[in-house]
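Student: Those sequence lines, one after another, are chains A and B. The opening residue of the first sequence carries number 224 in the numbering used here; numbering runs sequentially from there. The opening residue of the second sequence carries number 224 in the numbering used here; numbering runs sequentially from there. The structure's right below; bear with me while I get my questions together.
Protein chains: 2
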Amino acid sequence: MLDAVSTTDGTGDETVIGRRGLQPKGVARRQEILDRAIEVFRERGADGTSLRRIAEAIGVSHAALLHYFDSREQLLVAVYAHAEIQRNASADPAVTPGVDTMIDAAIANVDVPGLVQLYTTLLAASLEAGNDVGREFFSARFERVRDELTSSFRRQQADGDIRDDVPAEELAALLIAASDGLQIQWLLEPSIGLSETLRTFGRLLQPPR
Amino acid sequence: MLDAVSTTDGTGDETVIGRRGLQPKGVARRQEILDRAIEVFRERGADGTSLRRIAEAIGVSHAALLHYFDSREQLLVAVYAHAEIQRNASADPAVTPGVDTMIDAAIANVDVPGLVQLYTTLLAASLEAGNDVGREFFSARFERVRDELTSSFRRQQADGDIRDDVPAEELAALLIAASDGLQIQWLLEPSIGLSETLRTFGRLLQPPR
Numbered sequence: 224m225l226d227a228v229s230t231t232d233g234t235g236d237e238t239v240i241g242r243r244g245l246q247p248k249g250v251a252r253r254q255e256i257l258d259r260a261i262e263v264f265r266e267r268g269a270d271g272t273s274l275r276r277i278a279e280a281i282g283v284s285h286a287a288l289l290h291y292f293d294s295r296e297q298l299l300v301a302v303y304a305h306a307e308i309q310r311n312a313s314a315d316p317a318v319t320p321g322v323d324t325m326i327d328a329a330i331a332n333v334d335v336p337g338l339v340q341l342y343t344t345l346l347a348a349s350l351e352a353g354n355d356v357g358r359e360f361f362s363a364r365f366e367r368v369r370d371e372l373t374s375s376f377r378r379q380q381a382d383g384d385i386r387d388d389v390p391a392e393e394l395a396a397l398l399i400a401a402s403d404g405l406q407i408q409w410l411l412e413p414s415i416g417l418s419e420t421l422r423t424f425g426r427l428l429q430p431p432r
Numbered sequence: 224m225l226d227a228v229s230t231t232d233g234t235g236d237e238t239v240i241g242r243r244g245l246q247p248k249g250v251a252r253r254q255e256i257l258d259r260a261i262e263v264f265r266e267r268g269a270d271g272t273s274l275r276r277i278a279e280a281i282g283v284s285h286a287a288l289l290h291y292f293d294s295r296e297q298l299l300v301a302v303y304a305h306a307e308i309q310r311n312a313s314a315d316p317a318v319t320p321g322v323d324t325m326i327d328a329a330i331a332n333v334d335v336p337g338l339v340q341l342y343t344t345l346l347a348a349s350l351e352a353g354n355d356v357g358r359e360f361f362s363a364r365f366e367r368v369r370d371e372l373t374s375s376f377r378r379q380q381a382d383g384d385i386r387d388d389v390p391a392e393e394l395a396a397l398l399i400a401a402s403d404g405l406q407i408q409w410l411l412e413p414s415i416g417l418s419e420t421l422r423t424f425g426r427l428l429q430p431p432r
């Protein structure tokens, strides 16, 4: 669930998740539904709930939800993408992401266990055959985040801020992997020190003195 | 899916996954079913298949499968545990696991994409409410592997083989996380260099010169 601080302008992925060709009013209504869904998931998670139950929890009719989203899976991916765009929009685009900034972003996610769980569940579901919505979303997301982190690590290597004896693109894949994997361990065992352990990963990247 | 080289004697977890109180003949039959299931998953994965479909693929009746396992979930966890015990049994118990040994073990898993996917799917499912079989299995598994790796890292720190400026237990959690997380990225994008990237993690642990 780690994301690099991004300059995404807030009109990104979410507009293509869910039914296309909505009128402006429909787009606004879909945003409202996603905002409300995020609150519900923050509180309760998305555990095994059907689209009908989610509709009840959000306070819209099942039919209304089906007007905006083809399936439960499509809604859940849209909720996660929407939450991510909100987070990115609140980040300062002038800040060049450093290792600490990126680790801070990962740690911020932990404030919302329901979304961490949603992320992990969607990610695993995306690996199953036939799940095209999830697979496309996560494939594109990993590629984008790896690219952003790689560029950032390259700059930091050039500046002597992190070690340059390992390829930046491998460090990027490793930081994302460490964040994803630690979140899983932490969901099963909350005594895992998620923040401290991610910071320790940051220390492994410090240049030798 | 990373596991430390373990001295597990091959009579471990699997005997408690599935129905209890079987006669010796029943235990042997259950082992046969698990052996056959592993082959099937190696070839095809477990994607969205019902217990009935799995029974067909394995070549046993649905009723017979239900005699040994309460649910699809219980069968899948048993299959994964069985595969893991087989791997551990083939490891040399005299070898003290080093970083390289452990990374080799993780890389060996990649030979069996169906099982990597099974692991990731089961792991995510274990995070869902109500999935007690999966949650117990993975909680115990993470704790055991973290403990084994921590002991091993402590020894290597004492011997000067890896850096000792970070806690061994955090390195253990990070190595498992990196392995789990990279496997996910690799399932979505096979061009990710899984082995090389895990080896790069090993290089981050080398003591400063």
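Here a beta-carbon is modelled for each residue, glycine too, at the ideal position from N, C-alpha and C. Bear in mind the structure is a predicted one, so any value in this text is a computation, not a measurement.
(1) For E279/B and R267/B, what's the separation of their Cα atoms in angstroms?
(2) Is the number of C-beta pairs between the segment 275 to 293 of chain B and the segment 245 to 264 of chain B that are closer than 8 Å three or more?
(3) What does R358/B reach in chain A if we use C-beta pairs closer than 8 Å?
(4) So what does DSSP say about N354/A, is it helix, strand or coil?
(5) State the start and end residues of the unbroken alpha helix (DSSP H) segment that holds S418/A.
(6) Which residues in the same chain as V263/A place their Cβ atom closer than 7 Å to its Cβ, once the five residues preceding and following it in sequence are excluded?
(7) Across the segment 364 to 379 of chain B and the segment 370 to 390 of chain A, are there enough close Cβ pairs to call them in contact, namely three or more that are closer than 8 Å?
(8) Name the residue from S414/A, A347/A and V339/A whose alpha carbon lies nearest to the alpha carbon of L411/B.
(9) Going by DSSP in three states, D293/B sits in which element: helix, strand or coil?
(10) Hey, how far is the Cα of P247/B from the Cα of A352/A?
(11) Near I261/A, which residues of its chain fall below 7 Å by C-beta distance, leaving aside the five closest residues on each side in sequence?
(12) Using a Cβ-Cβ cut-off of 8 Å, state whether L346/A counts as contacting chain B.
(13) Since A401/A meets chain B, which of its residues come closer than 7 Å, beta carbon to beta carbon?
(14) I want to verify the contact list: residues of chain A whose CB lies under 8 Å from the CB of S362/B, in sequence order.
(15) Within 10 angstroms of the Cβ of E392/B, are there 16 or more other Cβ atoms? Answer buried if so, exposed if not.
(16) Can you give me the Cβ contacts of L428/A inside the same chain, cut-off strictly under 7 Å, excluding the 5 residues immediately before and after it?
(17) I need the boundaries of the alpha helix (DSSP H) containing V263/A, first residue and last residue.
(18) Please name the residue, chosen from N311/B, L245/B and S349/B, that lies closest to A331/B on a Cα-to-Cα basis.
(19) Compare the C-beta of E419/A with all C-beta atoms of chain B and state if any pair is closer than 8 Å.
(20) For L405/B, which residues of its own chain have a beta-carbon under 8 Å away from its beta-carbon, when the five flanking residues on both sides are left out?
(21) What residue does the alpha helix (DSSP H) around S402/A start on, and which one ends it?
(22) Express the C-alpha separation of I277/B and L299/B in angstroms, rounding to a whole number.
(23) With H, G and I counted as helix, E and B as strand and the rest as coil, what does DSSP make of D323/B?
(24) If you measure beta-carbon to beta-carbon, which residues of the segment 363 to 379 of chain B are closer than 9 Å to chain A?
(25) Once DSSP output is grouped into helix, strand and coil, what is the label at G337/A?
(26) Once the 5 residues before and after L397/B are set aside, which same chain residues still bring their CB inside 7 Å of it?
(27) Tell me, please, whether the CB atom of I240/B is closer than 8 Å to any CB atom in chain A?
(28) Please return the same chain residues whose Cβ sits closer than 8 Å to the Cβ of P431/A, not counting the five positions on each side in sequence.
(29) With DSSP run on the structure shown, which of helix, strand or coil describes T344/A?
(30) Give the interface partners of R426/A over in chain B, defined as CB-CB distance under 7 Å, in chain order.
(31) Under 7 Å Cβ-Cβ, which residues of chain A neighbour I277/B?
(32) So the candidates are H285/B, I308/B and L245/B; which of them puts its Cα closest to the Cα of A328/B?
(33) Under 8 Å Cβ-Cβ, which residues of chain A neighbour T423/B?
(34) By the three-class DSSP mapping on this structure, what secondary structure does E237/A have?
Tutor: On the basis of the supplied data:
(1) 13 Å
(2) yes
(3) L411
(4) coil
(5) L417 to L427
(6) A280 and I281
(7) no
(8) A347/A
(9) coil
(10) 38 Å
(11) V302, H305 and A306
(12) yes
(13) L397, A400, A401 and G404
(14) L411 and E412
(15) buried
(16) V322, I385, R386 and L394
(17) P247 to R267
(18) N311/B
(19) yes
(20) I415, L417, T420 and L421
(21) A391 to L411
(22) 10 Å
(23) helix
(24) F365, E366 and R369
(25) helix
(26) none
(27) no
(28) R386
(29) helix
(30) V389
(31) Residues of chain A passing the Cβ test: none, with the nearest at roughly 15 Å.
(32) I308/B
(33) V389, P390, E393, L394 and L397
(34) Because E237/A sits at a pLDDT of 42, beneath the cut-off of 50, its placement in the model cannot be relied upon, and the following sentence gives the value as read from the coordinates. Helix at E237/A.
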